[in-house]
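> First, the structure itself, so that you have it in front of you.
Chains as they are written, first to last, in the numbering used here: chain A, 1 to 241; chain B, 1001 to 1658; chain C, 2001 to 2254.
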């Protein structure tokens, strides 16, 4: 078996005196979709932020493609090939759609060929239509697509998505879901944080369930989906027909 | 000349000045928008541009101007980048106040460098001969150079707009001003862009300096003269907005020029009135959005840590000792013949009181008053006017000064305490400048000369001491009225300190401390935070007025310079230098500052430079001020152990004595 | 039935086009432990801010103790007995524990101070305030720590102080904003025990994500979804509600 692309070991992290992560372990294999599920406030976003380096871990290690990136700043981590689609999208409101994608293309790895801005925009039909609109004037779903496009244009080795379906209408959720599957089919490795259990299980190959800053359960997505006990115990939901 | 051509000429003149402002304000605004840095040194960079050009163009003659127009701004840009890298960069993440302080220190440094290289007097900087002639266009003649300024300004403004809107550099800058963390997350090193932006803004200021220098002349005060209007423009247009800087610059240029011609009385007042109105009605400015200007800051004001190494008993003893020395000084001065020391101490005491007053708002209520000299100056005017027109009694004059200043503080506070942070700072600056410009306009304030030759009387209703007739032989010494003046001042300052300490220890002050720790929390346990801040501002205004009144009464005069913004800057420097939020720290800061200024200036010409450098180092490395030095030293890995051991010994001794 | 202690009528808050809180009618009975839950973006925080006075509603009213408080700023609501705790510990960290509590106790009484007292009398010489401070310190188990600087307290004790500050305002009702966010399971239990121990005789409204916790401690639960009330009832009633399950976990077909 090959080494995982991303490997997080005993990660302890938090803000000020608040420890949010209390020793998180997880692996993401190349080409897979891994999701992190859990209720609000259990440390999902903090996990992503700690991987990226915008929160400095107190202890533990993050290894990416054989390199220890635990102490790297966010810009250095991004230059290693990790792109983040953050919570609440955070597209640049005053920049046009095209500029948002262009700026994404400046970031990321330096040593690789990146897709052109047009190629990426064309992949998202609702962005192509509005490419001169400002980020602030897009709908929630469009902003989400733009945030994904902005990350994709840097041709990342790992794409981290933080709650990409949050606050979106069901039809748009489906679109986002389709996009994630599509990207994975194209070979993009994905670490997805999701509160919507259905979306999380549908998209994933492997699932980690986080509670109170620790991984409380992990397993292949179909096993988790089939285990009523796990769902009920950790997530309080039932998928039974 | 017909009315139409006269108006047209005024409009053109306005545009010329406006273009200079545009170049100046654009840099200032971009730097604020991207980095949240309020750059007081921008005016000095402007002056530096003019002097560099002056130095380059002089020897080269004819084409020199054009060479200078390219080379000088580049030099200023490089200096700007160096400033960002070496100083400004270290303060990102701290409260914006520290950038104000830092750049104020840089003003002193750059200004002193300019005077030491090029001298204090203004020098003519000839415009190129090719432009030094009138030209007839649209039926009337007008200076070609003025047209050239308008063209150069327009081209640069357009170029800047293109740079911001059409280039990759501009795109990253804009994105960074909206969400810098996200830019970092994308893998872009935004720090590099900050440096470039600072350099670019500095270069624009440099160009503005050159064109204005050749329009008028070059002088060391030119930076000082434009920085405040530049702030007004940035505020009017909206902090961080390039469009706002352009519109605001042209607007202010036109308004100033037209006002000078058609309503001379309003010249100098109208822009500050506009600034205050805009800040009160729409703090984000005419073109500003909440984005950028509204970005929150994680950094907080850093207060002096008076505790730690020195116990409160030790500090109290030091306090008594200090007062004891101050009481004895006149005797020592008589004995040694160094009577000058008394004059110096009077200066120190007055600044100490002024700094104490600022500490109540800056250190306790967390309000950055950039125009605190308003109260100092108004207090001085109020007391001199009272002495002239109402009563020669110093007591009456000071009471009037305090009441007038407290009332003005109440009014200013009523209008401005709702708006927070930078906007509050700008409103106070606006009011101070309004009063500064106003005293020139009126006869009763003595215009630009001020008022002087006042006789004072220390008493009420004829009972008391007239210092001019006072003489008391005491053993070996003969004291004159000066002694009354000194002891009265000492008593008022010590009394004010005790009063301030009382206030801080009373429920009122305890709430101020709570607000300083956490404004939200104070509000959610039931305190009206705004009302408390306003009260602190009123008390502070009153005390600052007392300081101004004392100075005026002691020296028998008042002048517009009392209201100059440099005083506001200096008193902030003293407060932070000493350690804000401790009451005694700022007084120590005042003592050190005034004494250093006095001593240094008698030995070296570049004393401002030395003070500036010291201050910049303080802001960067000892932001908690002089009073925190014992603690800082104690925390130091190598020096620390020694001090700690000694302290331990002292503490044990104290315990044994108890 | 007695009059509810807190009542909102048609409470609505719009941010531009977004309706964050949509016509919410909430009634909290005196003495009960009520929880307000809902998925992210359901409008919990906005509702909370409307109740504390941090935000003004676009429409509707908030009535507390029979009095319309819709137009009152936060500090006046607190004085009327509507206290709140903070999600992230928000104490006066540079001051001592006693001073933290004393400030809060003083807030309840300082309206009655004469100006000379307010401005000139030493703050720690008001006997009633001191007595109240001591009572609160005793009750919250902090009496041994009074002279410590709050910032030096251990995390658990900071939470304790947070609750003590709320208690010292002597509230009839306390709004708790996710008091256990970012805590380990153990810390969560300790905090809820503390709330139970110290504030059990007050009306409580808890804003919370954690369903387990809410089920355990609440008398009644109100479920918000997309800014509106989706369901209301006892923990058992709410947990059986299929609508709630669907909304809370989104997209799951029952």
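Note that CB positions come from ideal geometry on N, CA and C, so glycine has one too.
Using a cut-off of 7 Å between C-beta atoms, extract the partners of residue 89 of chain A located in chain C.
Those do not exist, as residue 89 of chain A stays about 13 Å from chain C at its closest Cβ, beyond 7 Å.
> Going straight from the alpha carbon of residue 2194 of chain C to that of residue 2083 of chain C, what length do you get?
Spanning the two alpha carbons is a distance of roughly 16 Å.
> What is the C-beta distance between residue 2024 of chain C and residue 2008 of chain C, in whole angstroms, given that I count them as a contact (C-beta under 8 Å)?
Their Cβ separation, rounded to whole angstroms, is 6 Å, which keeps residue 2024 of chain C and residue 2008 of chain C in contact under 8 Å.
> Consult DSSP for residue 2059 of chain C and reduce its assignment to one of helix, strand or coil.
Correct three-state label for residue 2059 of chain C: strand.
> Around the Cβ of residue 2056 of chain C, are there at least 16 other Cβ atoms within 10 angstroms (buried) or fewer (exposed)?
Exposed, since its Cβ has fewer than 16 Cβ neighbours within 10 Å.
> Given a cut-off of 7 Å on the beta-carbon distance, is the pair residue 210 of chain A and residue 5 of chain A in contact?
Against a cut-off of 7 Å, the Cβ pair of residue 5 of chain A and residue 210 of chain A comes out as no contact.
> Would residue 2158 of chain C pass as an interface residue toward chain B - the criterion being a Cβ-Cβ separation below 7 Å?
Not closer than 7 Å to any Cβ of chain B, the Cβ of residue 2158 of chain C fails to qualify, so no.
> Let me know the beta strand (DSSP E) ranges lying completely inside the stretch 77-105 of chain A, each 3 residues or longer, listed in chain order.
Complete beta strand (DSSP E) runs here, min 3: 82-85.
> For a contact meaning CB atoms closer than 7 Å, what does residue 1502 of chain B contact in chain C?
Correct list: 2120.
> Hey, residue 1427 of chain B and residue 1419 of chain B are a contact pair by Cβ (cut 8 Å); roughly how many whole angstroms apart?
Contact holds; Cβ gap of about 7 Å.
> Does any residue of chain D bring its CB to less than 7 Å from the CB of residue 1505 of chain B?
Among the protein chains in the structure shown, which are A, B and C, there is no chain D.
> Three-state secondary structure (DSSP) at residue 1632 of chain B?
Residue 1632 of chain B: helix per DSSP, three-state reduction.
> Do the CB positions of residue 1234 of chain B and residue 1271 of chain B come within less than 7 Å of each other?
Not closer than 7 Å, so no.
> Who are the near neighbours of residue 1608 of chain B in its chain, counting only those whose CB is closer than 7 Å to its CB and skipping five residues on each side?
Here the set comprises 1108, 1111, 1112.
> Please report the distance separating the alpha-carbon of residue 2168 of chain C from that of residue 87 of chain A.
Straight-line Cα distance between these residues: approximately 37 Å.
> So what's residue 2232 of chain C in DSSP terms, helix, strand or just coil?
Residue state, collapsed to three classes: strand.
> Once the 5 residues before and after residue 1292 of chain B are set aside, which same chain residues still bring their CB inside 6 Å of it?
Unreliable positioning characterises residue 1292 of chain B in this predicted model, as indicated by a pLDDT of 37, which lies under 50. The coordinate reading is nonetheless provided below. Closer than 6 Å at Cβ, skipping near neighbours: 1033, 1177, 1240.
> Would you say residue 78 of chain A faces chain B, with C-beta separation under 7 Å as the test?
For residue 78 of chain A, the answer is yes, since a Cβ of chain B falls inside 7 Å of its Cβ.
> Bridge partners for residue 59 of chain A per DSSP, in chain order?
According to DSSP, residue 59 of chain A bridges with A:12.
> So, with DSSP's three-state summary, where would you put residue 1195 of chain B?
Here residue 1195 of chain B sits in helix by DSSP.
> According to DSSP, is residue 1372 of chain B part of a helix, a strand, or is it coil?
Coil, per DSSP.
> When you compare the CB positions of residue 1408 of chain B and residue 1533 of chain B, do they come within less than 7 Å of one another, or not?
Not a contact, by the Cβ cut-off of 7 Å.
> Tell me whether residue 1066 of chain B is buried or exposed, calling it buried when 16 or more other Cβ atoms sit within 10 Å of its Cβ.
Label assigned to residue 1066 of chain B: exposed.
> In chain B, which residues lie with their C-beta within 8 Å of the C-beta of residue 2139 of chain C?
The premise fails here: residue 2139 of chain C is roughly 17 Å from chain B at the closest Cβ pair, so nothing lies under 8 Å.
> Under 8 Å, with one C-beta from each stretch per pair, do the stretch 1533-1549 of chain B and the stretch 1339-1357 of chain B reach the 3-pair mark?
Because the criterion of three Cβ pairs below 8 Å is met, the stretch 1533-1549 of chain B and the stretch 1339-1357 of chain B touch.
> Quick one: which unbroken alpha helix (DSSP H) runs of 4-plus residues sit fully inside the stretch 1136-1184 of chain B? Chain order, please.
The qualifying runs are 1144-1166, 1168-1178.
> Kindly say whether residue 1297 of chain B, judged by its beta-carbon, lies nearer than 7 Å to any beta-carbon of chain C.
Unreliable placement is indicated for residue 1297 of chain B, whose pLDDT of 42 sits below 50; no coordinate value is reported for it.
> In angstroms with no decimal places, state the Cα-to-Cα distance between residue 1188 of chain B and residue 81 of chain A.
Taking the straight line joining both Cα atoms gives about 12 Å.
> To the nearest angstrom, report how far apart residue 2127 of chain C and residue 2146 of chain C are at their CA atoms.
Each residue's Cα considered, the two are about 17 Å apart.
> Ends of the beta strand (DSSP E) at residue 220 of chain A?
Counting along the chain, the beta strand (DSSP E) containing residue 220 of chain A begins and ends at 214-220.
> Relative to the alpha-carbon of residue 154 of chain A, which residue among A:56, A:204, A:114 has its alpha-carbon at the smallest distance?
Closest option to residue 154 of chain A, Cα to Cα, is A:114.
> On the criterion of 16 or more Cβ atoms from any shown chain inside 10 Å, does residue 1513 of chain B qualify as buried, or is it exposed?
It counts as buried.
> Does DSSP put residue 2087 of chain C in a helix, in a strand, or in coil?
Note: residue 2087 of chain C maps to coil in three-state DSSP.
> Using the Cα positions of residue 1466 of chain B and residue 1245 of chain B, report the straight-line distance between them to the nearest angstrom.
The straight-line gap from Cα to Cα measures roughly 55 Å.
> Residue 1228 of chain B by DSSP, collapsed to three states: which one?
Residue 1228 of chain B falls in the helix class under three-state DSSP.
> Under the DSSP definition of a beta bridge, which residues are partnered with residue 2034 of chain C?
BP columns for residue 2034 of chain C point to C:2205, C:2220.
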